[in-house]
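Shown next, in structure tokens, is the structure this report addresses.
Structure (structure tokens):
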């Protein structure tokens, strides 16, 4: 790389629009959308779509709700021509949808293009020619007057051919190709010359499309260019001002949004930003950016995963897992602090209320996603994410101190294995950690007297059957007193939580008890049973056995439940 890159790459000159108004503009309505997936997107593919894939993409665009679709470049190849004819001949164009076709300023190609759309109800004919100094001087070898003549003579040809086919409702569109690299004064000159030929009206406007054929500048400079054209072109009230951003600098979406603030009314782009080099504007990104600001985009992305699958099939290119709104990982948090914030926000988020969940700018359910992948657990995760997965997938409502304790068991596994743990993995680990599969329900008999509850129980401990007998204010206290007497231990219940799991005949109770064992270990025990008393007694046994395992291992440190949370 050059030490002084300015010698090779001069900076793009600012426009000098001192009284610009776009920075204070607020977008309050959706633009007119034009999908060019079947034209600009298609021409950028390693293997352009065949008719079957084109039809699948076309059907998807209709379901999304596009009313203007650039269906091809009919003069480019027989496949392109045949596809346009297939749509028209088989009456596959809804009455409220307009087909757009593109042609360069070359007479044979214009005639071929007009032939392709014969008989269609509504058509936009998109004419373009290059206008920038680089293209004029190096590629075309034409002076400015010749460029204007090239544009106007072919604009006139399109107009003349359209007049011979009054059965079609025609709209004319002109793009000064390489607008982003063209002097504004010359862009205005050629655009005004074309609209003078077409003589559009407010009732029947033409479209002037201003592309960032190559992104040269920051988006604010492009916005200045659009506002300048918006202010200065002739017949502005008879022009729909359109933009077609590319993404060479990675700011295509920003360029489109600022251009709309600067006076543009229409945008052209592709689903998920497909297109040549770094791609076209990502229409999904812009539309859902509007949506998250409370503006209806008039496009339906309720089934975004299905749309992604269609696009990947038709383009034979994958959509990146970090792609905004649609990528596999874009609603997923691995970070413990993020997970904890999301979990807490979910608990207070009310149906119909304003969306307010940290790290999620949009409700995934609006796009047909579930909450299943919102939180995933790896070595960077914390108690909040673990608790969220166990609650959302298995209904467990872990007390906060139990979350802290169990998260350390999870972290230990993570440190040794270094892989992501699924909700199923966590559930298995939870059952193993708290001995839930191996803790049998005590066979209990109890009676109530003036002195409280008298309880006898037969329990399995370390493979042996033990008889427990105790008395207390309730069954838990009576069982703990009997356990202490029978085993020569001291168990104290510090905290107790329980909740139902499921409903109806299949409902079970889950009990979480925090215990202090032998004044040495503070541990949680967990029990699950159809009977709440049995669940609680199983939780006591679970905690006591976990304390014995610590004693057998020689562990002398306080329980992890007393450690600071992350």
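Numbering (my numbering), first residue to last: 121 to 686. A virtual CB, placed ideally from N, CA and C, is assigned to each residue, including glycine.
Sub-8 Å separation of residue i and residue j beta-carbons
| i | j | result |
| --- | --- | --- |
| residue 647 | residue 635 | no |
| residue 393 | residue 156 | no |
| residue 165 | residue 367 | no |
| residue 185 | residue 405 | no |
| residue 229 | residue 195 | yes |
| residue 221 | residue 243 | yes |
| residue 359 | residue 315 | yes |
| residue 191 | residue 207 | yes |
| residue 655 | residue 618 | yes |
| residue 616 | residue 518 | no |
| residue 575 | residue 566 | yes |
Cut-off 6 Å between Cβ atoms - residues of its own chain near residue i, not counting five sequence neighbours on either side
| i | result |
| --- | --- |
| residue 387 | 151, 363, 376 |
| residue 382 | 142, 343, 346, 347 |
| residue 458 | 479 |
| residue 602 | 588, 589, 590 |
| residue 212 | none |
| residue 484 | 451 |
| residue 516 | 510 |
| residue 553 | 529 |
8 Å CB neighbourhood of residue i in its chain, flanking five on each side removed
| i | result |
| --- | --- |
| residue 606 | 586, 587, 588, 589 |
| residue 571 | 591 |
| residue 584 | none |
| residue 651 | 561, 629 |
| residue 667 | 635, 637, 638, 640, 641, 643 |
| residue 147 | 377, 380, 381, 410, 413, 415 |
| residue 279 | 292, 317, 318 |
| residue 270 | 225, 249, 262 |
Endpoints, alpha helix (DSSP H) assigned at residue i
| i | result |
| --- | --- |
| residue 648 | It is not in any alpha helix (DSSP H) - residue 648 instead sits in the beta strand (DSSP E) that spans 641 to 649. |
| residue 340 | 339 to 352 |
| residue 529 | 520 to 537 |
| residue 514 | 503 to 514 |
| residue 296 | Premise fails: residue 296 lies in the beta strand (DSSP E), 289 to 297, not in any alpha helix (DSSP H). |
| residue 248 | Residue 248 -> not in any alpha helix (DSSP H); beta strand (DSSP E) instead, spanning 242 to 250. |
| residue 204 | 198 to 209 |
| residue 356 | Premise fails: residue 356 is in no alpha helix (DSSP H) and is neither H nor E. |
| residue 278 | 264 to 283 |
| residue 469 | From DSSP, residue 469 is part of no alpha helix (DSSP H); its letter is neither H nor E. |
| residue 372 | 372 to 381 |
| residue 174 | 171 to 184 |
As assigned by DSSP and simplified to three states, the class of residue i
| i | result |
| --- | --- |
| residue 367 | coil |
| residue 636 | strand |
| residue 142 | helix |
| residue 306 | helix |
| residue 129 | coil |
| residue 315 | helix |
| residue 554 | coil |
| residue 453 | strand |
| residue 121 | coil |
| residue 615 | strand |
| residue 628 | strand |
| residue 621 | strand |
| residue 137 | coil |
| residue 219 | strand |
| residue 672 | helix |
| residue 147 | coil |
| residue 253 | helix |
| residue 158 | helix |
| residue 484 | helix |
| residue 490 | coil |
| residue 168 | coil |
| residue 228 | helix |
Same chain, Cβ closer than 7 Å to residue i, neighbours up to 5 away in sequence not counted
| i | result |
| --- | --- |
| residue 324 | none |
| residue 297 | 248, 249, 250, 251, 331, 333 |
| residue 136 | none |
| residue 312 | 353, 354 |
| residue 670 | 641 |
Where the beta strand (DSSP E) containing residue i begins and where it ends
| i | result |
| --- | --- |
| residue 192 | 188 to 192 |
| residue 213 | No beta strand (DSSP E) holds residue 213; DSSP gives it neither H nor E. |
| residue 237 | From DSSP, residue 237 is part of no beta strand (DSSP E); its letter is neither H nor E. |
| residue 155 | 152 to 155 |
| residue 331 | 326 to 332 |
Near the ligand PLP: residue i beta-carbon under 7 Å from a heavy atom
| i | result |
| --- | --- |
| residue 287 | Absence of the ligand PLP is noted for the structure shown, with no ligands found whatsoever. |
What residue ranges within the stretch 386 to 449 form continuous alpha helix (DSSP H) runs of no fewer than 4 residues, ordered along the chain? 403 to 411, 424 to 435
Please give me, in chain order, every unbroken run of the beta strand (DSSP E) with length at least 3 that falls completely inside the stretch 564 to 611. 572 to 581, 584 to 592
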